[in-house]
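Novice:
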Amino acid sequence: QKLTGPVAAPPFCLQDIRLVCFCAPSVADLRILSSSLSGEVWEFLCQAEQLSAASPFFAAALRRDCWKEGKSRKICFWDDDAASWFWVLCRVHGVTQQEVTSAFSSQDEAELGASDSATAVHGEVRLLGLCKKYLFEDLEKMLMQRLRDDEVVPKGLQAME
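Going by my numbering, the letters in the sequence shown line up with residues 27 to 187, in that order.
(1) I'd like the span of the beta strand (DSSP E) that includes Trp68, first residue to last.
(2) Could you check the C-alpha separation between Lys181 and His148 for me, to the nearest Å?
(3) Rounded to whole angstroms, what's the CA-CA distance from Ala50 to Pro37? Just pull it up for me.
(4) Return the Cβ separation of Val67 and Leu59 in integer angstroms, given the expectation that the two are a contact with Cβ distance under 8 Å.
(5) Since Cys39 sits in a beta bridge, which residues does DSSP pair it with?
(6) Considering only their Cβ atoms, is the gap separating His119 from Cys196 smaller than 8 Å?
(7) Closest to Phe103 by C-alpha separation, out of Lys167, Lys159, Asp164, would be which residue?
(8) Where does the unbroken alpha helix (DSSP H) through Phe84 begin, and where does it stop?
(9) Kindly indicate which three-state DSSP category Phe162 falls into: helix, strand or coil?
(10) Pick out whichever of Ser62, Lys97, Val151 has its Cα sitting closest to the Cα of Asp74.
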């Protein structure tokens with residue numbers, strides 16, 4: 027049966043149940059759970075292969091006989107905010123955030139792509155920390171380049187003083 031509506035073609039977001047699917051549900055073999063800054067739990071469905079290709083951390087962690095997460099195919103990141111994971115997973119899957127209905131509250135997205143420079147720098151640094159922690163090396167390089175080239179960064183650093 028042909029799918030229609032918001033689930034017609036991945037990626038898609040079901041806001042009411044706080045679910046973002048980055049691939050067809052029939053091939054999604056990994057669940058990532060994370061909470062938003064407002065306290066809501068979000069679930070991200072994706073392919074472990076995509077995540078493993080983007081990060082040596084996940085390549086090791088998602089082997090079937092390595093960690094319990096490799097067997098359960100469920101990972102909970104309660105210390106990392108859902109909006110940051112959304113940003114990372116969009117890039118890992120080659121999806122723009124505009125392709126997936128943005129469902130995070132303004133509080134959650136305030137630091138990711140913020141217009142005021144101090145808040146924007148804080149969001150970029152938070153993303154950089156997540157990329158360093160989980161060895162998303164290509165994303166880390168991209169963020170570092172963006173921090174070096176973006177004229178908002180010096181203004182943001184000055185505003186933090």
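Note that beta-carbon positions come from the ideal geometry of N, C-alpha and C, so glycine has one too. Here the structure is a predicted model, which means the values were calculated and not measured.
Specialist: A quick look at the data gives this:
(1) Here residue 68 refers to the residue found at position 42 when the sequence shown is read from its first residue. Residues 67-72.
(2) Numbered from 1 along the sequence shown, position 155 holds the residue referred to as residue 181. Numbered from 1 along the sequence shown, position 122 holds the residue referred to as residue 148. Rounded to the nearest angstrom, the two C-alpha atoms are 12 Å apart.
(3) The residue given as residue 50 occupies position 24 in the sequence shown. The residue given as residue 37 occupies position 11 in the sequence shown. Ala50 and Pro37: Cα-Cα distance of roughly 8 Å.
(4) Here residue 67 refers to the residue found at position 41 when the sequence shown is read from its first residue. Here residue 59 refers to the residue found at position 33 when the sequence shown is read from its first residue. That pair is a contact at about 6 Å.
(5) Along the sequence shown, one-based indexing puts residue 39 at 13. Bridge partners of Cys39: Val46.
(6) It is not possible to answer for residue 196, since the shown part of the chain is limited to 27 through 187.
(7) Locating residue 103 in the sequence shown gives position 77, counting from the first residue. Answer by Cα proximity: Lys159.
(8) Taking the first residue of the sequence shown as position 1, residue 84 is located at position 58. First-last of the alpha helix (DSSP H) with Phe84: 82-87.
(9) As a first step, residue 162 must be located in the sequence shown, where it is residue number 136. DSSP, read as helix, strand or coil, puts Phe162 in coil.
(10) Looking up residue 74 in the sequence shown gives position 48. Residue identity differs from the one stated: residue 74 is Ala in this sequence, not Asp. The shortest C-alpha separation from Ala74 is found at Lys97.
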